[in-house]
DNA sequence: CATGAATGAGCCTTCATTCAT
DNA sequence: TATGAATGAAGGCTCATTCAT
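Protein chains in written order, with the numbering used here: chain A, 363 to 564; chain B, 363 to 564; chain C, 363 to 564; chain D, 363 to 564.
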């Protein structure tokens, strides 16, 4: 019981720090955020952060892992529900991606802005969770190819990258706009699905 | 005459600084690059940089402007040559985007990695040149719509964003790979054009 | 009875902390040793140390007192056994000093390296036990003077300092050598006694 | 000319930093001295110190080298003047050691208190200048042995250590006393020489 | 008594920027 | 213009100490 409480305490504090970091990174970016700002946002002392994370880089990486894991879990559990065809599934995937991320605007800014930097400049970090995300999308595409619902000549790996890039860029623009209109998000979601499935040509 | 020479001298040194900055930013990212490293790469004294640029942020912005301007000029002059239909034009645009940027791998890394950060965190900078780039692509799409070669119901602005995002993401992956195979670049170029024009559905 | 047991418990834990501190200080020096390292070495929690010692400085001082007291006790009880002349007594004193300290190499490093620092920088500490040690040596010298076995014109206080300094420096070198050869220790012991008694001149 | 001035400027600033460090280290010890205190003592900005020294450790080591070099130079040039016998030479050596170091009380405290610590805890530093100092004394002893003025059976290396230790300990006590009486220093100098040459026995 | 998670003051070091030459 | 030594504000991180359990 004491164990459980203590464990909870630990996790609760770790969570508060991650939340504070997300908020701070989204607002000012990784390099412009002071550790002390994260601490104050999380309501802990500066030093406490170093009880849960090795250093500022580790905090960034951990935040990625945590949020990507959350996104992947939500995405896959929601995707399992559908038994529609590829077009419905892709549309759902795109909608979910947008909805999940925009549910928390800070998350949207964080993912779209910091993901690339980190991939390249945080030492020795290959961002496995992001790889998992891409594999999920790639899996969807490969299944569609096997079912004859996606053109065989397209490289699923390349296409998954392209789709993610398109979503991410559109999301970036959305996340930077001051007010988010759900209807507008739905409109873009639908149009992107339509574009990817049907192509640009009439 | 003296003016001209002086001007030339200025431009030459300014250019060396921009080139050094590109190299350094590409390798280590904006925040991990020291001004002194740029100076040393450019073969000038640290202080000299401040004769040509207000500060490190201004150097970053100027570098964007400079490179985007170059890309836009090259793109538009090349695009003018073609009188093919929309499909050919889009294919050419994608090929040119890839080729221009991959001509200089540093440029590729710089564009794909730093563009977003800067957009958000360099104070009071709206990145007009990037806007020009997008407008160019958007213009291409709008012309196609007027010519009936692109579906009317698609929002050209949104689509241009999506295309740029897809290209950028694929380019990021390409730019991070250690060796660049021209044939592979061509393959991806063709497949992306095909995907955008024809859509994913068979 | 309960008191006694408790007292014993206290002393045992206090002793473990002092032992841990000695080991840690000898290896890394006072300022490079973390309180948590001492705690871990002693097998107690960090906070426990503060139940037995006011702070890190107090722990250092207490360790000195403890070890010097031990050395003085051992030295005086052993010295009482002898009834030889001054030469024999001094030789014995030197041998005992070496043997006692080298019995525990950590103690040797601690005494030779940390004694001076502490004397000067631990606030308001006059190092009384070290004073006792010197007084013991000084007493030996004064007795010898009264017995006519030591030159009257020498200042016993100054000579005791000089002898301690010589022993300490030689011990420092010995304690820093990786392996300790008993025969070598004996050789140096004898030579130092001989040098002090007989002088350098032939 | 400009070169010379610049060089002078460099050396002058480096010297001021070393002087400031000596003063600060002597007063509060290495670990209790802040880099900013050294900077303020030297009349330079904090960052300037890092233009001349790699870090705080390097500053400590450089200070040792500098001061030991100075002592060795002064000692050897003065020793060359004498053509007396061993007894005179040793007496002179002792007197010079005391005088040189006590000329600057800060130097005395620094040498006696910090030398040992550093030897052990500043990583990978074998203190070559201190080795030079000891070799000088050892050389003096070996010459005396060849001239038959020092007992053959004594190990010059061990004896040089012992003499240094004795001098250093006595110096420590002297340097910690608030006022230094030249007559008193002379008295101790003479007595130590006498003790070492003639031995303790009557 | 014992614990060890939490605290937060403190410090070394970096690096963008300035300015005397 | 060009230099590069000097500046000093700023911040990541450590660790002695506390205190709720």
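Every residue gets a Cβ at the ideal spot worked out from N, C-alpha and C, and that includes glycine. All values derive from a computational prediction rather than experimental measurement.
Close partners of residue 479 (chain D) in chain C (Cβ separation under 7 Å): 391, 475, 479. Taking CB atoms only, residue 494 (chain A) has no neighbour in chain B less than 7 Å away.
With three or more CB-CB distances shorter than 8 Å, the region 452 to 465 of chain B counts as touching the region 550 to 561 of chain B. In terms of Cβ geometry, residue 470 (chain C) and residue 425 (chain C) do not form a close pair [threshold 7 Å]. Annotation for residue 427 (chain A): the continuous alpha helix (DSSP H) segment containing it runs 418 to 443. Shown here for residue 558 (chain C): same chain residues with a beta carbon closer than 7 Å to its own, the five before and five after excluded, namely 452, 525 in chain order. Annotation for residue 514 (chain C): 507 place their beta carbon closer than 7 Å to its own, counting only its chain and skipping 5 residues before and after. When the five nearest sequence neighbours on each side are left out, the beta carbons in the same chain lying within less than 7 Å of the beta carbon of residue 388 (chain C) are those of 468, 471, 472, in order along the chain. Note on geometry: alpha-carbon atoms of residue 517 (chain A) and residue 399 (chain C) lie some 56 Å from one another. Leaving aside the five residues that flank residue 491 (chain D) on each side, the residues in its chain whose CB is nearer than 8 Å to its CB run, in chain order, 426, 427, 430, 431, 434. Here DSSP, grouped into helix, strand and coil, assigns residue 389 (chain B) to helix. Put simply, the CB of residue 509 (chain D) is far from chain C, with every gap to its CB atoms at 7 Å or more.
Secondary structure at residue 466 (chain C): coil, using DSSP grouped into helix, strand and coil. Listed along the chain, the chain D residues whose CB falls inside 7 Å of the CB of residue 411 (chain C) amount to none; the nearest CB is some 20 Å away. Going by beta carbons, residue 523 (chain C) and residue 531 (chain D) fall inside the 7 Å limit.
Against chain C, a Cβ distance below 8 Å from residue 532 (chain D) picks out 520, 523, 524, 527.
Taking C-alpha positions only, residue 503 (chain D) is separated from residue 563 (chain D) by approximately 21 Å.
When DSSP states are grouped into helix, strand and coil, residue 534 (chain D) belongs to the helix group. For the pair residue 404 (chain B) and residue 378 (chain B), the CB atoms are nearer than the 7 Å cut-off.
A direct Cα-Cα distance of roughly 42 Å separates residue 534 (chain B) from residue 414 (chain D). Assigned with DSSP and collapsed to three states, residue 412 (chain A) falls in helix.
Each of D:476, D:447, D:440 was checked against the Cα of residue 386 (chain D), and the nearest Cα belongs to D:476.
Under the three-state reduction of DSSP, residue 495 (chain B) is assigned to helix. At least 7 Å separates the CB of residue 552 (chain A) from every CB of chain B. Close to residue 517 (chain D), with beta-carbon spacing below 7 Å, are these residues of chain C in chain order: 553. Boundaries of the alpha helix (DSSP H) harbouring residue 545 (chain C): 544 to 560, taken from the DSSP string. Under the Cβ distance rule, residue 470 (chain A) does not count among the residues neighbouring chain B, no pair being separated by less than 7 Å. Going by DSSP, residue 406 (chain A) is part of no alpha helix (DSSP H) at all; its letter is neither H nor E.
Not a single C-beta of chain A is nearer than 7 Å to the C-beta of residue 453 (chain B). One Cα belongs to residue 423 (chain A), the other to residue 464 (chain B), and the distance between them is close to 29 Å. The straight-line gap separating the alpha-carbon atoms of residue 541 (chain B) and residue 466 (chain B) is approximately 13 Å. In this structure, the alpha-carbon of residue 536 (chain A) lies about 14 Å from that of residue 478 (chain B).
Residue environment for residue 528 (chain C): buried (at least 16 other C-beta atoms within 10 angstroms of its C-beta). Our two residues, residue 373 (chain D) and residue 416 (chain D), have alpha carbons roughly 16 Å apart in a direct line. For the 7 Å CB-CB criterion, residue 393 (chain D) and residue 393 (chain C) form a contact.
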